[in-house]
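Residue numbering for the sequence shown follows this note's numbering, starting at 290 and increasing by one per position.
Data first, discussion second: the structure below is written as structure tokens.
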Amino acid sequence: MTIRALPRAPVQCVVVRLVMTVKIKEMSTRAKRILHVTGMLAVINFFAFWFAAVYLGGDALNGYVRDLHYFVCAHGSCHEVTHSIWKYSYWHATSALAGIALIFIESAIIINSGDIVVD
290 MTIRALPRAP
300 VQCVVVRLVM
310 TVKIKEMSTR
320 AKRILHVTGM
330 LAVINFFAFW
340 FAAVYLGGDA
350 LNGYVRDLHY
360 FVCAHGSCHE
370 VTHSIWKYSY
380 WHATSALAGI
390 ALIFIESAII
400 INSGDIVVD
């Protein structure tokens, strides 16, 4: 029994460029206050999460629990931590991601209410 290679089809490279830009024409003072406060809190919380993850050697969202041993993981390496540290890391990571999502949700609501006029 012999195995023959199938003839190769010519390789075609397709580049797809998807750019979505939203230009804001007007923004009310209320919209600016809401988005600036939420944005600053989300950025501060995200960087606090990032520094904590670097200090701990990972985060609980990438980690796991096995036989009541708690591990935080990042980039393929895992470190065992206490239950309270693991819970802190889990909720901090969740709140950091939720803060970023909140900015998009607020933006959609504010655009829909008319406080932001887009082009």
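Virtual Cβ for every residue (Gly too), placed ideally from N, Cα, C.
Handout entry: According to DSSP, residues forming a beta bridge with Asp-230
Key = Since the first residue of the chain shown is 290 and the last is 408, residue 230 is not available in this structure.
Problem - Coarse secondary structure for Val-308, derived from DSSP in three states - result: Residue numbering aside, residue 308 sits at position 19 when the sequence shown is read from its first letter. Reduced to three states, the DSSP call for Val-308 is coil.
Handout entry: Per DSSP, cross-strand counterpart(s) of Val-407
Key = Here the question's residue 407 lines up with position 118 in the sequence shown. Val-407 pairs with Ile-313.
Practice task
Could you round the C-beta distance between Leu-276 and Val-361 to whole angstroms and report it? I think they count as a contact, below 8 Å.
Solution key: No answer is possible for residue 276: it lies beyond the span of the chain, which begins at 290 and ends at 408.
Practice task
Taking 8 Å as the threshold, find out whether the stretch 363 to 372 comes into contact with the stretch 308 to 318 through three or more Cβ pairs.
Solution key: no
Exercise for the section: Assign Ser-373 to one of two classes, buried (16 or more other C-beta atoms within 10 Å of its C-beta) or exposed (fewer than that). Expected result: Counted from its first residue, the sequence shown places residue 373 at position 84. Counting Cβ neighbours within 10 Å, Ser-373 comes out exposed, since fewer than 16 surround it.
Practice task
Tell me, to the nearest whole angstrom, how far the beta carbon of Ser-402 is from that of Leu-324; I am working on the premise that it is less than 8 Å.
Solution key: If you number the sequence shown from 1, residue 402 lands on position 113. If you number the sequence shown from 1, residue 324 lands on position 35. Rounded, the Cβ-Cβ distance is 13 Å, inconsistent with contact.
Handout entry: Rounded separation between Ile-389 and Ile-398 - CA only
Key = In the sequence shown, residue 389 corresponds to position 100, counting from 1. In the sequence shown, residue 398 corresponds to position 109, counting from 1. So the two alpha carbons sit approximately 15 Å from each other.
Problem - CB of Tyr-379 within 7 Å of CB of Ala-349, strictly - result: For this step, residue 379 is matched to residue 90 along the sequence shown. For this step, residue 349 is matched to residue 60 along the sequence shown. In contact: Tyr-379 and Ala-349 (Cβ atoms closer than 7 Å).
Practice task
From the DSSP output, read off the bridge partner residues of Val-354.
Solution key: As a working note, residue 354 is residue 65 in the sequence shown. Tyr-359, per the DSSP bridge assignment.
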